[in-house]
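From first to last, the protein sequence lines stand for chains A and B.
First residue of the first sequence: 1, per our numbering; consecutive thereafter.
First residue of the second sequence: 1, per our numbering; consecutive thereafter.
There are 2 protein chains.
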Amino acid sequence: MKNRVITISREFGSGGRTVGKMVAQKLGIPCYDAELIQKISEESGYAKDFIEEESEPNAGWFTQVFADRSMGMTQQDVIWSIQCRVIKELAAQGPCVIVGRCADYVLRDEADCLTVFIHASMEKRAERIVKEYGEREEKPERRLKEKDKRRAAYHRFYTDMKWGRANNYQICLDSGALGLEKCADIIAQLY
Amino acid sequence: MKNRVITISREFGSGGRTVGKMVAQKLGIPCYDAELIQKISEESGYAKDFIEEESEPNAGWFTQVFADRSMGMTQQDVIWSIQCRVIKELAAQGPCVIVGRCADYVLRDEADCLTVFIHASMEKRAERIVKEYGEREEKPERRLKEKDKRRAAYHRFYTDMKWGRANNYQICLDSGALGLEKCADIIAQLY
Numbered sequence: 001m002k003n004r005v006i007t008i009s010r011e012f013g014s015g016g017r018t019v020g021k022m023v024a025q026k027l028g029i030p031c032y033d034a035e036l037i038q039k040i041s042e043e044s045g046y047a048k049d050f051i052e053e054e055s056e057p058n059a060g061w062f063t064q065v066f067a068d069r070s071m072g073m074t075q076q077d078v079i080w081s082i083q084c085r086v087i088k089e090l091a092a093q094g095p096c097v098i099v100g101r102c103a104d105y106v107l108r109d110e111a112d113c114l115t116v117f118i119h120a121s122m123e124k125r126a127e128r129i130v131k132e133y134g135e136r137e138e139k140p141e142r143r144l145k146e147k148d149k150r151r152a153a154y155h156r157f158y159t160d161m162k163w164g165r166a167n168n169y170q171i172c173l174d175s176g177a178l179g180l181e182k183c184a185d186i187i188a189q190l191y
Numbered sequence: 001m002k003n004r005v006i007t008i009s010r011e012f013g014s015g016g017r018t019v020g021k022m023v024a025q026k027l028g029i030p031c032y033d034a035e036l037i038q039k040i041s042e043e044s045g046y047a048k049d050f051i052e053e054e055s056e057p058n059a060g061w062f063t064q065v066f067a068d069r070s071m072g073m074t075q076q077d078v079i080w081s082i083q084c085r086v087i088k089e090l091a092a093q094g095p096c097v098i099v100g101r102c103a104d105y106v107l108r109d110e111a112d113c114l115t116v117f118i119h120a121s122m123e124k125r126a127e128r129i130v131k132e133y134g135e136r137e138e139k140p141e142r143r144l145k146e147k148d149k150r151r152a153a154y155h156r157f158y159t160d161m162k163w164g165r166a167n168n169y170q171i172c173l174d175s176g177a178l179g180l181e182k183c184a185d186i187i188a189q190l191y
């Protein structure tokens, strides 16, 4: 019998991570987010920051990820394969919430998933990231656009699915319009 | 004070129309779908079938819709402007559910909208259209792909938004995975 897992994909600044934690608390099940990065770091030997940045690739990432494999696996391949294994192990342990890292795709044949996407308007997300992470020299809208592009590229590369398309998820919620609490309520209720 | 309106966009075969009716019944408010076509038909003089086909354009539609306007409005322009007026009038009368016809876009500044998108997998939709509309010579998957393309083109032309993107809606639901009843419950609850 497959475990019931909630996977949460989210736009940067949408509060999807917070929604994940709220859902897990409501249901009394674990939420894996930072723990996931920690575990991948332990098993791969790469630093947590490096792994976190992996899902928001920069120009160098693209050069590497499309590189010739004749010399063996790339760093990205190594991290991706460990990430897949860690996600599958966590899902096998019992019901849980997993935030980010293409868990919906990784678990598509492994667990009984409720797949969620959390998004919000540029305006609401800009408000949120300034509140959460403070002002930076770069405008929040610019930071968001950069992050969006990178997450979309990462997602597309590994899953071959278009980021943010409704069809990829069982439920998509606008956390800016509906509020985090309501989003968490609906997800917990659907579980 | 703006009226609270639920707009439902839906993929063909997803059961979005049925969900709309269920929501309206739960909330005790009217649901406009066939009535909308009827009203546009009365005010424009065009037949109901013709109006219904308008939102699923064929090759001829594209020729006309991009045509030179020096001779006046095209048929499409006339129907679109009447459609906008009818939708705005209905929304001004009181709370309601409106299915299809880009109502979310038309009412973006007019009403306090809960914007919904209902979708389902190709497999579930194929099952549903055969059950609802019977077998045809053309395979259900082919019929669905045709309809999808046409609705996407219509939506894009009038709203300049990409059909099926999660960001365009406050909530998107996979009716195939979640079931129509559950979709209706969630929407009614969010209202």
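The beta-carbon is built from N, C-alpha and C at its ideal position, and this holds for glycine as well.
Any C-beta of chain B sitting closer than 7 Å to the C-beta of residue i?
| i | result |
| --- | --- |
| A:L27 | no |
| A:N167 | yes |
| A:G8 | Rather than Gly, the amino acid found at residue 8 of chain A in this sequence is Ile. No, its Cβ sits nowhere closer than 7 Å to a Cβ of chain B. |
| A:H119 | yes |
| A:Q38 | no |
| A:A177 | yes |
| A:G164 | yes |
| A:Q64 | no |
For residue i, does the count of other Cβ atoms within 10 angstroms reach 16, so buried, or fall short, so exposed?
| i | result |
| --- | --- |
| B:T18 | buried |
| B:K145 | exposed |
| A:E137 | exposed |
| A:A111 | buried |
| B:N168 | buried |
| B:T7 | buried |
| A:G134 | exposed |
| B:F50 | exposed |
| B:Q76 | buried |
| B:Q64 | exposed |
| B:K48 | exposed |
| B:G72 | exposed |
| B:G94 | exposed |
| B:E141 | exposed |
| A:F12 | buried |
| A:D148 | buried |
| B:E123 | exposed |
| B:A120 | buried |
| B:D160 | exposed |
| B:S70 | exposed |
| A:D185 | buried |
| B:R156 | exposed |
Does any residue of chain A have a CB that is nearer than 7 Å to the CB of residue i?
| i | result |
| --- | --- |
| B:F12 | no |
| B:C102 | no |
| B:A126 | no |
| B:L173 | yes |
| B:Q170 | yes |
Can you name the residues of chain B whose CB is closer than 8 Å to the CB of residue i?
| i | result |
| --- | --- |
| A:C31 | Within 8 Å Cβ-Cβ: nothing; A:C31 doesn't reach chain B, min ~22 Å. |
If you check the beta carbons only, do residue i and residue j fall under 7 Å apart?
| i | j | result |
| --- | --- | --- |
| A:V116 | A:D33 | no |
| B:S175 | B:I82 | no |
| B:A24 | A:G164 | no |
| B:S44 | B:I79 | yes |
| A:K26 | A:A188 | yes |
| A:R150 | A:E56 | yes |
| B:G15 | B:L180 | yes |
| B:Q170 | B:L107 | no |
| B:L173 | B:C183 | yes |
| A:C96 | A:I29 | yes |
| B:K39 | B:C31 | no |
| B:A103 | B:I87 | yes |
| B:V5 | B:A91 | yes |
| B:I37 | B:E52 | yes |
Can you pull the chain A neighbours of residue i, defined as C-beta to C-beta under 8 Å?
| i | result |
| --- | --- |
| B:G16 | Chain A residues near B:G16: none, gap ~12 Å exceeds 8 Å. |
| B:K182 | L190 |
| B:I187 | Result: empty, since nearest Cβ-Cβ is about 10 Å, beyond 8 Å. |
For residue i, which residues in chain A fall below 9 Å Cβ to Cβ?
| i | result |
| --- | --- |
| B:G20 | Simply none; closest approach about 17 Å. |
For residue i, verify whether its CB is less than 6 Å away from any heavy atom of the ligand ATP.
| i | result |
| --- | --- |
| B:E137 | Absent from the structure shown: the ligand ATP. Ligands present: none. |
Of all the CB atoms in chain E, is at least one closer than 7 Å to the CB of residue i?
| i | result |
| --- | --- |
| B:C172 | Here chain E cannot be found, since the structure's protein chains are A and B. |
| message | Restricting to runs no shorter than 4 residues, where is the alpha helix (DSSP H) found entirely within the stretch 27-99 of chain A? | response | With a minimum length of 4 residues, the continuous alpha helix (DSSP H) runs that stay inside the stretch 27-99 of chain A are 34-44, 48-54, 59-65 and 75-93.
| query | In the stretch 100-188 of chain B, which residue ranges form an unbroken beta strand (DSSP E) of at least 3 residues, counting only runs that do not cross its ends? | reply | Segments of the beta strand (DSSP E) lying fully in the stretch 100-188 of chain B: 112-119 and 171-174.
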